[in-house]
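The opening residue of the sequence shown carries number 1 in the UniProt record's numbering; numbering runs sequentially from there. Glycine included, C-beta positions come from ideal geometry on N, C-alpha and C. Step one of this worksheet: look at the structure below.
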Amino acid sequence: MAFKVSSVQFQHRANDKAYNLGRIESLTLQAVQAGSQLVAFPEMCLCGYWHVPKLDGAALHALAEPLSGPSVSYVARLAREHSIAIGAGFLELAENGALYNSYAVCMPDGQVHCHRKLHAWEHRLISSGDSFTVFDTPWGIRAGILICWDNNLIENARATALLGAEILIAPHQAGGGASVSPNGMKRIPVEKWIRRHEDPEAIKAEIRGPNGREWFLRWLPSRAHDNGMFLVFSNGVGQDEDEVRTGNAMILDPYGRILVETWQAADAIVSTELDLALLDKCTGQRWIRGRRPELYGCLTEPNPHGLSPMEARFSDAPTRNPAPAEKTL
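Dropping the structure here:
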């Protein structure tokens, strides 16, 4: 069965849901015209992202919506009307009042599958999810969702694959971030984005360089290859507060090969038809059959130096021969 997918990068506007929904509708129509059955938008693209850490509790709750709220309902209507699955990120207000960095995949038949980020670090008031999200699709392939930093912890991708996912939807707001790792990604000067029309080569070099594409290629192909999954990487692009997202929307096959990608310094969509026959006997799925779970008990034991997602993301403490963890955030 043919299965065509699209991945989107676009520059959202903070707190401007009407604008963001308008861009989602326009780009969804492009995916429909391309013949895609699934289109993936970035993390928290419905509400905006990097302004969120600065918000107080009242502002956070004002920005958040339940899964049944107007923004996801709008996306769900588009999915039904155009017979396409649409994934988009939002700030979720749960029934118990908890807040989550969530991602909704709205199906053509009206179903909505929602994943809550497992390792949320954007705000102290945003909780982390507690379960994996894997679901069947009408196109003969089982899908999973991991949001941004979820993908950086390799156990999450493996667990998603073990639950049967053959395609991983991986929405991000990444590239150009300030990693504390000495050789990790670093911030891109905002001036380069502002002057992208006057000096397009400068921003293109950043998008393709060590703080953008080169950074993603250190680990995205491994998630796809080692777990035998297609991977749909969507991302923000452009200035987001004091950072510059690098876009790099791409789709990878189960061998970790890039099928299609972009390095435009603009909103963009990439689309490709997936050859589901590649899944059969792909390296990752073959290797998984040789696992020895009886050896892996250490993976579920608490780490004596373990930190919360927020602490781990921002801690500058040594990781080699570390002292006992001090949780201060």
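Check                                                                                                              : Outcome
Euclidean distance between Cα positions of glycine 35 and lysine 4                                                 : 7 angstroms
Span of the beta strand (DSSP E), counted from its first residue to its last, around tyrosine 296                  : Per DSSP, tyrosine 296 belongs to no beta strand (DSSP E) and is neither H nor E.
Cβ pair glycine 284, asparagine 227 closer than 7 angstroms                                                        : yes
Same chain, Cβ closer than 8 angstroms to arginine 187, five either side skipped, listed in chain order            : Gly176, Gly177, Ala178, Asn211, Asp242, Glu243, Val244
Closest residue to glutamine 11 among Ala265, Arg142, Ile84 (Cα-Cα distance)                                       : Ala265
Distance, glutamate 198 Cα to alanine 161 Cα                                                                       : 44 angstroms
Bridge-paired residues (DSSP) for tyrosine 100                                                                     : Glu92, Ser127
Residues near valine 180 in its chain [Cβ-Cβ closer than 8 angstroms; skip 5 each side]                            : Phe314, Ser315, Asp316
Residue range of the beta strand (DSSP E) that includes methionine 185                                             : Here methionine 185 belongs to no beta strand (DSSP E), and DSSP marks it neither H nor E.
Bridge-paired residues (DSSP) for histidine 115                                                                    : Tyr103
Presumed contact (8 angstroms Cβ cut-off) between leucine 146 and asparagine 156, rounded CB distance              : 5 angstroms
Distance between beta carbons of phenylalanine 230 and leucine 274, contact taken as under 8 angstroms             : 6 angstroms
Nearest-angstrom beta carbon gap, leucine 78 and isoleucine 269 [assumed within contact, 8 angstroms]              : At roughly 15 angstroms, the Cβ-Cβ gap does not stay under 8 angstroms, so isoleucine 269 and leucine 78 are not in contact.
7 angstroms Cβ cutoff met for cysteine 47 and leucine 91                                                           : yes
Burial state of tyrosine 49 (16 or more Cβ within 10 Å)                                                            : buried
Lysine 281, buried or exposed, once every other Cβ within 10 Å from all chains shown has been counted against 16   : exposed
Sequence-distant residues of its chain with Cβ nearer than 7 angstroms to tryptophan 121 (five each side left out) : Trp149, Pro309, Met310, Arg313
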